[in-house]
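Residue numbers (the numbering used here): 32 to 166.
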């Protein structure tokens, strides 16, 4: 584990609150969800990389983004090793939660109804992301 990963793993709840905005904290640390069709990156079409708003880990390449009509930014693939998946049974549903592999922040959920070549739809909260445009 790198020094950055160790320090992130050791952050207290108070340190996360100091590091993140209220909305970022709610999504990333409390497993919240932003309202449909409200996210800054929903209609983003620029080339670049989407990273975790909590720690800066690169998560998704803009080339894998597509319009799913779901109301949240959607991607059909991830940066290798960038996310972890967990079963989520909250809200009376069985879904697969997507977490940042570095800081454990909640990003959204993944579904099996995406486009080829993966068939995946990573449905991600804009608040959980930062965007780095290609120069």
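Quick reminder that beta carbons are idealized off the backbone N, C-alpha and C, glycines included. These numbers were taken from a predicted model, which means no experiment stands behind them.
Which residue marks the beginning of the beta strand (DSSP E) containing residue i, and which one marks its end?
| i | result |
| --- | --- |
| residue 107 | Here residue 107 belongs to no beta strand (DSSP E), and DSSP marks it neither H nor E. |
| residue 117 | 114–119 |
Taking the beta carbon of residue i as the centre, do at least 16 other beta carbons fall within 10 Å, making it buried, or is it exposed?
| i | result |
| --- | --- |
| residue 85 | buried |
| residue 14 | Shown here, the chain extends from 32 to 166; a query on residue 14 therefore has no answer. |
| residue 157 | buried |
| residue 140 | buried |
| residue 20 | The displayed coordinates of the chain run from 32 to 166. Any statement about residue 20 would go beyond what the structure contains. |
Once you ignore the five residues that flank residue i on each side, which residues in its own chain have a CB closer than 7 Å to its CB?
| i | result |
| --- | --- |
| residue 146 | 97, 107 |
| residue 112 | 132 |
The alpha helix (DSSP H) spanning residue i covers which residue range?
| i | result |
| --- | --- |
| residue 60 | Note, residue 60: premise wrong, no alpha helix (DSSP H); not H, not E. |
| residue 46 | 44–50 |
May I ask you to report which of helix, strand or coil DSSP gives residue i?
| i | result |
| --- | --- |
| residue 125 | coil |
| residue 133 | coil |
| residue 93 | helix |
Residue i and residue j: beta carbons closer than 8 Å?
| i | j | result |
| --- | --- | --- |
| residue 131 | residue 114 | yes |
| residue 72 | residue 105 | no |
| residue 103 | residue 58 | no |
In chain order, what residues of the same chain lie with their CB nearer than 6 Å to the CB of residue i, ignoring the 5 residues before and after it?
| i | result |
| --- | --- |
| residue 93 | 78, 79 |
| residue 116 | 127 |
| residue 99 | 105, 152 |
Return the chain-ordered list of same chain residues with a C-beta closer than 8 Å to the C-beta of residue i, the five sequence neighbours on each side being excluded.
| i | result |
| --- | --- |
| residue 149 | 107, 108 |
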